[in-house]
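Below is one structure, written out as structure tokens; comments come after it.
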Amino acid sequence: AQSVTQLDSHVSVSEGTPVLLRCNYSSSYSPSLFWYVQHPNKGLQLLLKYTSAATLVKGINGFEAEFKKSETSFHLTKPSAHMSDAAEYFCVVSDRDSGTYKYIFGTGTRLKVLA
Amino acid sequence: NAGVTQTPKFQVLKTGQSMTLQCAQDMNHEYMSWYRQDPGMGLRLIHYSVGAGITDQGEVPNGYNVSRSTTEDFPLRLLSAAPSQTSVYFCASSPDRSFYYEQYFGPGTRLTVT
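For the protein sequence lines, the chains are A and B, in the order given.
Each position in the first sequence, counted from 1, maps to that position plus 398 in this note's numbering.
Each position in the second sequence, counted from 1, maps to that position plus 901 in this note's numbering.
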């Protein structure tokens, strides 16, 4: 069965410093993996996705993530945090389970950016 | 394209009242779904549809009904509201059920049941 674990519920960084949001997944087959961002009182917006092509995936707003099958990880990074990056981030795995496709959300990581 | 739209944005209900949350998409997507978002729990799937006339239950379907008479619309009905249904509700759509493509989310409906 699929599952997603976001290892940190809250992360604080200073503006201009790197961001690392960690995600581990469990999957029986070849998953698709996604990162979404949710700004306060808004809907979810896709940051990037992995669908079995290049393992290093670049997304919007300078974010990127690397699919590491051996570590079952899909961590999200950004070289330099901006105040506008403060939001909640969700890692999602999509895979087949008993013939049904499922879209499983992690519990979210709230990113705080300090001036 | 408007994408995925939801109405209302906010709603307050009394326990036992019923209501319908509206969701529409103009992208001709086959797959549509409803999620609820509660603090610390991520998004949980309530019901989904893989096409007009086809619906199925998700992870937390109790107390909710859906129907899909057209490709565009996927309303969510609360039959008899309970305080446990206080949540933020998101509708989403995707070109197909495989999720090779991402899901597109509406702006959400914030529901309070007193």
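No residue lacks a Cβ here, since even glycine has one placed at the ideal position from N, Cα and C.
All of these numbers come straight from a predicted model, not from anything done at the bench.
- A:GLU486 is the residue among A:SER425, A:SER428, A:GLU486 and A:GLN443 whose C-alpha sits nearest the C-alpha of ARG508 (chain A).
- VAL417 (chain A) is not a Cβ neighbour of LEU512 (chain A), given a cutoff of 8 Å.
- Boundaries of the beta strand (DSSP E) harbouring PHE488 (chain A): 485 to 495, taken from the DSSP string.
- Contact with chain B is found for SER492 (chain A), since one of that chain's Cβ atoms lies less than 8 Å from the residue's Cβ.
- Shortest Cα-Cα distance from PHE461 (chain A) to any of A:SER492, A:GLN404 and A:LEU419 involves A:LEU419.
- Between the region 943 to 950 of chain B and the region 494 to 506 of chain A there are three or more C-beta pairs closer than 8 Å, enough to call the two in contact.
- Rounded to whole angstroms, SER407 (chain A) and TRP433 (chain A) show a C-alpha spacing of 15 Å.
- Distance from the CA atom of GLU973 (chain B) to the CA atom of LYS915 (chain B), rounded to whole angstroms, is 30 Å.
- Minimum Cα-Cα distance from GLU464 (chain A) among the listed residues A:SER482, A:LYS500 and A:ASN422 corresponds to A:ASN422.
- Proximity of GLN923 (chain B) to chain A, defined by a Cβ-Cβ separation below 8 Å, is not satisfied.
- The region 957 to 977 of chain B makes no contact with the region 475 to 490 of chain A: fewer than 3 CB pairs, one atom from each, lie closer than 8 Å.
- Interface flag for GLY504 (chain A) against chain B is set, since a Cβ pair is found closer than 8 Å.
- A direct Cα-to-Cα measurement between PHE488 (chain A) and LYS447 (chain A) gives close to 12 Å.
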